[in-house]
Amino acid sequence: MKEIGGYFELQLRKGEHYHKGAVQLNTARNCLEYILRAKKYKKIYIPYLNSEVIWEPIKKLGIECEFYSVDFKIDPIFDKKLAGDEVFLYSDIYGIKCNTVEKLVRRFGKQLIVDNTHAFYSRPYEGIDTIYSPRKFFGLPDGAYLYTDTLLDEVFGKDNAIPHMTHLMKRIEYGNAGAAYQDYLDYCASLIDQPIKRMSNLANALLANIDYENLKQRQISNFKYLHSVLGKDNIYEFDNFPEDTCPLSYMFYSEDPDLRKKLIDNKIFVSTYWKATLDLVQKDSAEYRIVNYLLPLPCDHRYNEEDMKRIIDVIYS
Ligand SMILES: Cc1ncc(COP(=O)(O)O)c(C=O)c1O
Numbered sequence: 000m001k002e003i004g005g006y007f008e009l010q011l012r013k014g015e016h017y018h019k020g021a022v023q024l025n026t027a028r029n030c031l032e033y034i035l036r037a038k039k040y041k042k043i044y045i046p047y048l049n050s051e052v053i054w055e056p057i058k059k060l061g062i063e064c065e066f067y068s069v070d071f072k073i074d075p076i077f078d079k080k081l082a083g084d085e086v087f088l089y090s091d092i093y094g095i096k097c098n099t100v101e102k103l104v105r106r107f108g109k110q111l112i113v114d115n116t117h118a119f120y121s122r123p124y125e126g127i128d129t130i131y132s133p134r135k136f137f138g139l140p141d142g143a144y145l146y147t148d149t150l151l152d153e154v155f156g157k158d159n160a161i162p163h164m165t166h167l168m169k170r171i172e173y174g175n176a177g178a179a180y181q182d183y184l185d186y187c188a189s190l191i192d193q194p195i196k197r198m199s200n201l202a203n204a205l206l207a208n209i210d211y212e213n214l215k216q217r218q219i220s221n222f223k224y225l226h227s228v229l230g231k232d233n234i235y236e237f238d239n240f241p242e243d244t245c246p247l248s249y250m251f252y253s254e255d256p257d258l259r260k261k262l263i264d265n266k267i268f269v270s271t272y273w274k275a276t277l278d279l280v281q282k283d284s285a286e287y288r289i290v291n292y293l294l295p296l297p298c299d300h301r302y303n304e305e306d307m308k309r310i311i312d313v314i315y316s
């Protein structure tokens with residue numbers, strides 16, 4: 000029975016999810032587990048250049064796995080034909096590879112899994128299994144979306160968001176990332192080896208609270224601003240993606256060994272994706288250069304042109 004009255008809960012806008020038709024789960028890696036189980040694939044091809052957390056479900060299910068390389072444009076180097084029980088996973092890394100996703104949809108059809116973890120705003124292709132991890136775009140305790148045409152006949156428990164809220168709340172309360180960095184690391188560690196769960200009630204409510212169009216436009220315009228200034232010095236050449244593509248970050252290539260440190264010293268936090276890849280690839284590979292030298296400059300919706308100017312000033316200082 001619906002409760003009426005009593006004390007107030009946290010006030011959130013009751014809007015809509017951006018991904019309305021998707022299965023709502025706890026993490027993107029578990030969306031991958033869901034697909035692998037539902038489609039009963041025997042072998043998966045995955046890129047060396049990816050988060051090691053996507054290996055979790057593959058190892059857990061004991062599915063055969065083969066790595067493939069990408070070139071410096073982050074396009075797959077892969078000429079094999081897939082057998083009927085094999086699948087090819089491609090991640091739209093940094094949210095700048097939607098043109099490649101389109102080509103792979105044409106090439107592999109339903110035997111493609113698109114990992115749009117870095118491309119939250121990209122819509123899925125009809126009939127193509129597609130994964131989203133909105134935590135890479137917004138502060139959330141849990142939550143992932145999966146578009147698929149094959150549902151598992153199983154009832155999954157619901158995630159509990161409360162233990163996953165500490166770093167999110169402390170960053171607001173104390174006003175800086177350092178105050179809760181250890182909480183954030185503990186939180187990331189707590190996501191390892193979680194079973195498939197449904198998205199928590201709180202993540203569900205928080206995702207319905209977001210003003211998506213506004214935030215998307217802000218992120219795109221920050222990306223474009225950085226590109227308008229840094230583009231001439233950026234040897235990473237972006238694809239000619241559509242105007243309304245919303246990248247995760249602005250990818251700036253620099254082999255200056257001190258630049259990442261200089262940015263971090265100036266409180267511009269530039270992540271390194273993904274150190275585990277470095278153990279698998281040669282030093283002269285595209286992956287090695289991408290992980291070490293392609294800096295993801297923050298350009299998300301939390302920031303404005305002033306903030307982008309500060310990043311630029313630090314780079315040219
Ligand atoms: C490209 C990519 N795919 C998938 C994942 C897994 O996302 P989740 O943490 O929601 O399982 C990550 C996480 O870092 C990622 O970067």
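In numbering that gives the first Met the number 0, the protein residues as written are 0 to 316.
Yeah, the Cβ is synthetic: ideal placement off N, Cα and C, and Gly gets one too.
Here the alpha carbon of R105 sits roughly 21 Å from the alpha carbon of F237. Spanning the alpha carbons of A37 and I171 requires a straight line of approximately 39 Å. About 7 Å separates the beta carbon of A176 from that of F268, a gap short enough to meet the 8 Å contact definition.
Runs of alpha helix (DSSP H) with 4 or more residues, each lying fully within the region 14–85, are found at 27–38, 54–60, listed in chain order.
A straight-line Cα-Cα distance of about 16 Å links Y47 and P56. In this structure, the straight-line span from the alpha carbon of D257 to that of C30 is close to 38 Å.
The way I'd put it, the region 200–217 does touch the region 123–140; three or more beta-carbon pairs between them come closer than 8 Å. Look at Y89 here: in three-state DSSP terms it is strand.
Proximity of the beta carbon of N49 to ligand 1 is indicated: a heavy atom of the ligand is located closer than 7 Å.
If one requires a minimum length of 4 residues, the alpha helix (DSSP H) runs lying completely within the region 188–265 are 200–206, 211–229, 258–264, in chain order.
The region 119–164 is shown to contain whole beta strand (DSSP E) runs of 3 or more residues at 128–131, 143–146, in chain order. Between A207 and K1, the beta carbon gap of about 18 Å keeps them out of contact (Cβ cut-off 8 Å).
In the assembly as shown, V86 is a buried residue. Its beta-carbon has 16 or more other beta-carbons within 10 Å.
As a beta-bridge residue in DSSP terms, L111 pairs with F87. Taking C-beta separations shorter than 8 Å and ignoring five residues to either side along the sequence, the partners of Y186 in its chain run H163, T165, H166, following chain order.
Closest in alpha carbon position to N291, among Y183, Y302, T276, K169, is T276. The three-state secondary structure of L167, taken from DSSP, is helix. Closest by C-alpha distance to K96, out of L247, I311, R309, is L247.
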